[in-house]
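Undergrad:
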Amino acid sequence: MTAGSSRTMQAWVVCQPGPIETSPLSYQEKPVPSPARGELLVRVLTCGVCRTDLHVSEGDLPVHREHVTPGHQVVGAVAALGDGVTDYAVGDRVGVAWLRHTDGTCAYCRRGNENLCPNSLYTGWDVDGGYAEYTTVPAAFAYRLPADVADVELAPLLCAGIIGYRALLRASLPEHGRLGLYGFGDSAHLCAQVALAQGATVHALTRGEAAQRLALELGATSARGAYDSPPEPLDSAILFAPVGDLVPVAMRALDRGGVLSVAGIHLTDIPRLNYEHELFYEKELRSVTSNTRHDGREFLALAVRYHVRATTHVYPMSQAQQALQDLKAGRFDGAAVLVNDQHTAQ
Ligand SMILES: [Zn+2]
Ligand SMILES: [Zn+2]
Numbered sequence: 000m001t002a003g004s005s006r007t008m009q010a011w012v013v014c015q016p017g018p019i020e021t022s023p024l025s026y027q028e029k030p031v032p033s034p035a036r037g038e039l040l041v042r043v044l045t046c047g048v049c050r051t052d053l054h055v056s057e058g059d060l061p062v063h064r065e066h067v068t069p070g071h072q073v074v075g076a077v078a079a080l081g082d083g084v085t086d087y088a089v090g091d092r093v094g095v096a097w098l099r100h101t102d103g104t105c106a107y108c109r110r111g112n113e114n115l116c117p118n119s120l121y122t123g124w125d126v127d128g129g130y131a132e133y134t135t136v137p138a139a140f141a142y143r144l145p146a147d148v149a150d151v152e153l154a155p156l157l158c159a160g161i162i163g164y165r166a167l168l169r170a171s172l173p174e175h176g177r178l179g180l181y182g183f184g185d186s187a188h189l190c191a192q193v194a195l196a197q198g199a200t201v202h203a204l205t206r207g208e209a210a211q212r213l214a215l216e217l218g219a220t221s222a223r224g225a226y227d228s229p230p231e232p233l234d235s236a237i238l239f240a241p242v243g244d245l246v247p248v249a250m251r252a253l254d255r256g257g258v259l260s261v262a263g264i265h266l267t268d269i270p271r272l273n274y275e276h277e278l279f280y281e282k283e284l285r286s287v288t289s290n291t292r293h294d295g296r297e298f299l300a301l302a303v304r305y306h307v308r309a310t311t312h313v314y315p316m317s318q319a320q321q322a323l324q325d326l327k328a329g330r331f332d333g334a335a336v337l338v339n340d341q342h343t344a345q
C-alpha cells in the first residue's frame, strides 16, 4: 500500500496553545502519515475527547511537538501495515491510546513499571494523534478491541477508562470497601462501574446535578458536592477533578489507613496539609502516572465482563474545538467522542 506520500486528510493541529475559548486549534489539510517500520496506519473511526487534550491545547502541558494533532482514544481500522508487522491485517479494528512507546530496557520497564519509563512517548503529545482522519501507532502499543461493543462506546475506554482503572488500582480499595470519587466525568463514571461490579460502595463528590444524577443512576450510594463530607469515612478515594484544593478535603474524608490516588496528569497546587488531620493514621497520598499496557488489556477485559458502558456525547470531527470548549465549561456529562464522517478515502 502506498499510504501517505500524496494523499491528504483533514486534521486538527494546536497552532498556538492558549485558552480554549480563543480557539487555539485549527482544522487543516495535512498529508496522510506513512506508517514507519513496526507501525500501523489507522483510519480513525472515532476519537474520544480527554481532558489531557484540553491541557495540551491550552498549554498547561507544553506541546512536545509543534502543531501536534491531539487525541489519544482512537477506535480505528488498520489501513496499512508498516514493514515488519505480522500480527495485524488491513481492516482489523484497533485501539490507539496514550502510551505510544517505551524503551523496554530501563529499570522501570524491566520491573513492570513501563508507565514510569523516562524515554516514553505519548500519542497526541509527542506524536500526532487521533483528531484526524488517519493516525499511526506502533503495533506493539495498539489494543485489540472487543467485537461486540460499538466504536463510540469503546473510545472513552481507551484513556478515561484505562487511567480510571489504574487510579483504582493505585487507590488499593479493600474488598467491599468504601470508595469516594471526587469529580464525576468521563474517567470516574467508568471507574465507578468497575468498582461497583467488584462489590464496592461508591460515593460521588462532584459539582453539577447532571453528574450527581449519573452517579446515582450507575449505582453510587450517595452523590454530594465536591467539598461536602461523604456519609461515611472512605477506605479509598480517587481525585479526578484537576483541583489541588480538593486534596486536603479528600484526605480528611479518609478513614484510618485510607489511600487517596490523584488520577490527573495536571493538578493545580495542593494547599498546605495538616499532618494530624490529613495524613496521620497512615493515610496515603499517591499520584497516578499514565498506565502500562498490562493495565490497558486488563481493563478492556474487565469492561467486557462487567458490561462497562460509557455515557457519550457525540460530535462530528469538525467540531473538536467546540467539544473541548464544552468539556472545559462542563456542558455535558460522561465522555465526548468525535466521529469522522463516512470515509471517502481508502
Ligand atoms: Zn523504560
Ligand atoms: Zn487521556
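Going by numbering that gives the first Met the number 0, the first residue of the sequence shown is number 0, and it counts up by one from there. The C-beta atom is built at its ideal place from N, Cα and C for all residues, glycine as well.
Within 10 Å of its beta-carbon, does asparagine 118 have 16 or more other beta-carbons around it, so buried, or fewer, so exposed?
TA: exposed
Undergrad: Going by DSSP, what residues sit across from leucine 284 in a beta bridge?
TA: Leucine 284 is bridged to Leu259.
Undergrad: Secondary structure at serine 235, three-state DSSP: helix, strand or coil?
TA: strand
Undergrad: Using C-beta distances below 6 angstroms, list every residue in its chain close to arginine 296, excluding the 5 sequence neighbours before and after it, in chain order.
TA: none
Undergrad: State the DSSP-derived secondary structure class of glycine 295, mapped to helix, strand or coil.
TA: Correct three-state label for glycine 295: helix.
Undergrad: Which two residues bound the contiguous alpha helix (DSSP H) that contains serine 56?
TA: 50 to 57
Undergrad: Can you tell me where the alpha helix (DSSP H) with histidine 202 in it begins and where it stops?
TA: Looking at the DSSP string, histidine 202 is not in any alpha helix (DSSP H); the run it does join, the beta strand (DSSP E), is 200 to 204.
Undergrad: What I want to know is whether the C-beta of tryptophan 124 ends up closer than 6 angstroms to one or more non-hydrogen atoms of ligand 2.
TA: False, no ligand heavy atom lies under 6 angstroms from that Cβ.
Undergrad: So, for aspartate 185: in the same chain, excluding its five sequence neighbours on each side, which residues have a beta-carbon less than 6 angstroms away from its beta-carbon?
TA: Pro155, Ala159 and Ala334
Undergrad: Taking only three categories from DSSP, how would you classify histidine 342?
TA: For histidine 342, the pLDDT reaches just 44, beneath the cut-off of 50, and the residue's location in the model is therefore unreliable, leaving the point undetermined.
Undergrad: Determine the extent of the beta strand (DSSP E) in which proline 30 is found, giving its start and end residues.
TA: 24 to 30
Undergrad: Where proline 229 and threonine 85 are concerned, what is the direct C-alpha to C-alpha distance, given to the nearest angstrom?
TA: Near 51 angstroms, if we compare the C-alpha coordinates of threonine 85 and proline 229.
Undergrad: Between valine 258 and serine 171, how many whole angstroms is the CB-CB distance? I'm expecting something under 8 angstroms.
TA: 5 angstroms
Undergrad: Would alanine 344 be called buried (16 or more neighbouring beta carbons within 10 Å of its own) or exposed?
TA: For alanine 344, the pLDDT reaches just 39, beneath the cut-off of 50, and the residue's location in the model is therefore unreliable, although a value from the coordinates is still provided. Classification for alanine 344: exposed.
Undergrad: What I want to know is whether the C-beta of aspartate 127 ends up closer than 6 angstroms to one or more non-hydrogen atoms of ligand 1.
TA: The answer is no for aspartate 127.
Undergrad: Can you tell me whether serine 5 is buried or exposed, with buried defined as 16 or more other CB within 10 angstroms of its CB?
TA: Counting Cβ neighbours within 10 Å, serine 5 comes out exposed, since fewer than 16 surround it.
Undergrad: State buried or exposed for histidine 202, treating a residue as buried only when at least 16 other CB atoms are found within 10 Å of its CB.
TA: It is buried - the Cβ of histidine 202 has at least 16 other Cβ atoms within 10 Å.
Undergrad: Can you tell me which residues fall inside 5 angstroms of ligand 2, judged by beta-carbon distance to its nearest heavy atom, and keep chain order?
TA: Cys49, Thr51 and Cys158
Undergrad: Measuring from each Cβ to the nearest heavy atom of ligand 1, keep the ones under 5 angstroms and list them in chain order.
TA: Thr101, Asp102, Cys105, Cys108 and Cys116
Undergrad: When burial is assigned at 16 or more other CB atoms within 10 Å of the CB, is asparagine 114 buried or exposed?
TA: buried
Undergrad: Exposed or buried, what is glycine 256 when buried is set at 16 or more other beta-carbons lying within 10 Å of its beta-carbon?
TA: exposed
Undergrad: Quick one, which of Gly329, Asp332, Ser25 and Thr288 has its alpha-carbon nearest alanine 166's?
TA: Thr288
Undergrad: Excluding the 5 residues flanking proline 428 on each side, which residues of the same chain have their C-beta closer than 8 angstroms to its C-beta?
TA: In the structure as shown, the chain begins at 0 and stops at 345. Residue 428 is therefore absent and cannot be evaluated.
Undergrad: Tell me, please, which residues DSSP counts as bridged to methionine 8.
TA: For methionine 8, which the question treats as bridged, DSSP gives the partners Lys29.
Undergrad: What separation, rounded to the nearest whole angstrom, lies between the Cα atoms of glycine 3 and glutamate 28?
TA: Interpretation of glycine 3 is limited by its pLDDT of 44, a score under 50 that renders its predicted location unreliable; no figure is taken from the coordinates.
Undergrad: Given leucine 326, which residues of its chain have a CB within under 7 angstroms of its CB, disregarding the five upstream and five downstream residues?
TA: Taken in chain order, the residues that qualify are Val48, Arg50, Leu53 and Ala335.
Undergrad: Between Glu208, Cys105, Gly103 and Arg285, which lies nearest to leucine 266 when the distance is taken from Cα to Cα?
TA: Arg285
Undergrad: Helix, strand or coil for cysteine 46? Go by DSSP, reduced to three states.
TA: For cysteine 46, the secondary structure class from DSSP, reduced to helix, strand or coil, is strand.
Undergrad: Enumerate, from N- to C-terminal direction, the unbroken beta strand (DSSP E) stretches of 3 or more residues contained entirely within the stretch 107 to 191.
TA: Complete beta strand (DSSP E) runs here, min 3: 133 to 137 and 177 to 181.
Undergrad: Any contact of the stretch 183 to 197 with the stretch 305 to 317, i.e. 3+ C-beta pairs under 8 angstroms?
TA: yes
Undergrad: Per DSSP, what are the beta-bridge partners of tyrosine 314 in this structure?
TA: Looking at the DSSP assignment, tyrosine 314 forms a beta bridge with Leu337.
Undergrad: Would glycine 129 be called buried (16 or more neighbouring beta carbons within 10 Å of its own) or exposed?
TA: buried
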